[in-house]
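Heads up, the thing below is written out as structure tokens.
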Amino acid sequence: RQQEGAQTTTMVPLRSLIRRLPPPVRSSPRSSAYTTRAHPKPVPQLSISDAIDSVLRDVEERKVKRVERWDRFGEKIAARKGVAIDGPYRNQDETIELSLNLNLDPRKPGQSLRGTVTLPHGTGQTNRRVIVFTSSPNVATAALSAGAAAAGGEDLISDISNGTLPVTQFDASIATTDVMSSLSSIARLLGPRGLMPSHKIGTIVSSEKDEGEEGVVSTLRDQMGGLVQYRTDRGGIVHAGVGKASFDKTDLMDNVQAFLREIQDVKPDNFGKGKKKGGG
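Residue 219 is where the sequence shown starts when you use my numbering, and the numbers rise one by one after that.
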């Protein structure tokens with residue numbers, strides 16, 4: 219029994235005190251940049267004009283960084299690769315690519331878009347290598363004169379089949395209708411690189427005497443100029459290069475608008491991945 223006026227002491231478990239404390243506040247600088255699938259990083263919403271300005275600014279920043287890196291380590295890089303420095307650093311001209319998420323499902327019929335479009339200011343590619351398959355010697359000669367990297371018939375197909383002529387040397391291909399049956403033997407080599415001629419992208423030309431030579435030359439000039447091929451990937455997104463970073467903003471805008479008009483014309487009436495909507 220305690221005496222009158224004496225102080226009393228109550229023993230409280232330490233674990234219960236810890237539970238009553240407020241949670242600690244984390245002030246890590248990385249916490250604001252942490253993203254998850256449930257909380258993804260917000261995607262900036264920009265107009266096409268502002269997006270092109272942003273891309274061009276990023277290109278200029280990368281150019282400056284590459285030049286600075288070359289100034290610091292250029293001699294070491296050249297010595298390691300065994301090459302001589304013959305002048306100032308030649309910066310690369312980056313390709314500006316447009317990606318469109320159209321909510322397409324390529325597994326459904328009519329939703330796998332594929333085709334070509336001619337850009338008003340071209341793509342900026344000047345060394346595009348095109349191979350022409352034809353059984354006509356006159357058409358092959360005309361194609362070589364117009365700038366084709368290679369042209370021929372059965373002999374050319376045989377060289378590709380036995381590995382004498384690698385398909386990695388070419389960027390596009392054109393064929394006349396009379397050799398399409400012969401291309402089946404090298405389809406496994408052309409297909410993975412997107413070199414198999416197709417009516418959808420306009421790379422199959424009639425082999426008629428009057429149309430063969432003119433059609434091949436016209437198609438060849440389009441392939442070497444401002445013609446762009448597009449195709450829907452597995453995620454339903456369409457990618458296409460719309461120019462080079464050295465283009466003016468006005469030229470890039472014209473190319474983007476031409477590509478968007480093409481996509482609007484070939485867009486299927488019913489499209490989508492059929493996701494269920496909430497709300498019952």
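We put the beta carbon where it would ideally sit given N, CA and C, even for glycine.
For SER391, DSSP records a beta bridge to ILE349. The region 324 to 338 makes no contact with the region 304 to 315: fewer than 3 CB pairs, one atom from each, lie closer than 8 Å. Secondary structure remark: continuous beta strand (DSSP E) runs of at least 3 residues inside the region 363 to 445, in chain order: 368 to 370 and 390 to 394. Between the beta-carbon of THR352 and that of VAL301 there is about 40 Å, and that puts the pair past the 8 Å contact cut. Beyond the five residues adjoining it in sequence on each side, SER379 comes within less than 7 Å, by CB distance, of SER403 and ILE404 in the same chain, given in chain order.
7 Å or more divides the Cβ of SER436 from the Cβ of PRO415. By the criterion of a C-beta distance shorter than 6 Å, VAL277 is surrounded in its chain by GLU312 and ALA463, once the five residues flanking it on both sides are discounted.
Looking at the backbone, the Cα of THR344 and that of ASP268 are separated by about 28 Å. For LEU274, the enclosing alpha helix (DSSP H) stretches over residues 266 to 299. As the crow flies, the alpha-carbon of MET471 is around 22 Å from that of LYS281.
Its chain contains THR394, THR395 and ASP396 as the residues whose beta carbon lies nearer than 6 Å to that of SER425, once the 5 sequence neighbours on both sides are disregarded; these appear in chain order.
Boundaries cannot be given for LYS259, as no beta strand (DSSP E) includes it and DSSP labels it neither H nor E.
Taking each of ARG275, ALA364, LEU322 and GLU293 in turn and checking the Cα distance to ARG439, the smallest one comes out for ALA364. Going by C-alpha positions, PRO306 is about 22 Å away from ARG275. Per DSSP, ARG479 is one residue of the alpha helix (DSSP H) stretching across 467 to 484. Inter-segment contact for the region 289 to 304 and the region 255 to 268 is absent: fewer than three beta-carbon pairs are separated by less than 8 Å. Excluding its 5 nearest sequence neighbours in each direction, ASN356 has C-beta neighbours in its own chain below 7 Å: GLU431, listed in chain order.
In this structure, the beta-carbon distance from VAL350 to ALA360 does not fall below 7 Å. Your pair VAL460 and LEU337 checks out as a contact, with CB atoms roughly 7 Å apart and the cut at 8 Å. About 10 Å separates the beta carbons of ILE375 and LEU407, which is beyond the 8 Å limit, so they are not a contact pair. If you draw a straight line from the Cα of ALA476 to the Cα of ILE295, it comes to about 42 Å. Judged by DSSP secondary structure, GLY453 falls outside any beta strand (DSSP E); it is assigned neither H nor E.
In this structure, THR450 sits near PRO324, with a CB-CB distance shorter than 7 Å. Between VAL474 and LEU316, the beta carbon gap of about 6 Å places them in contact (Cβ cut-off 8 Å).
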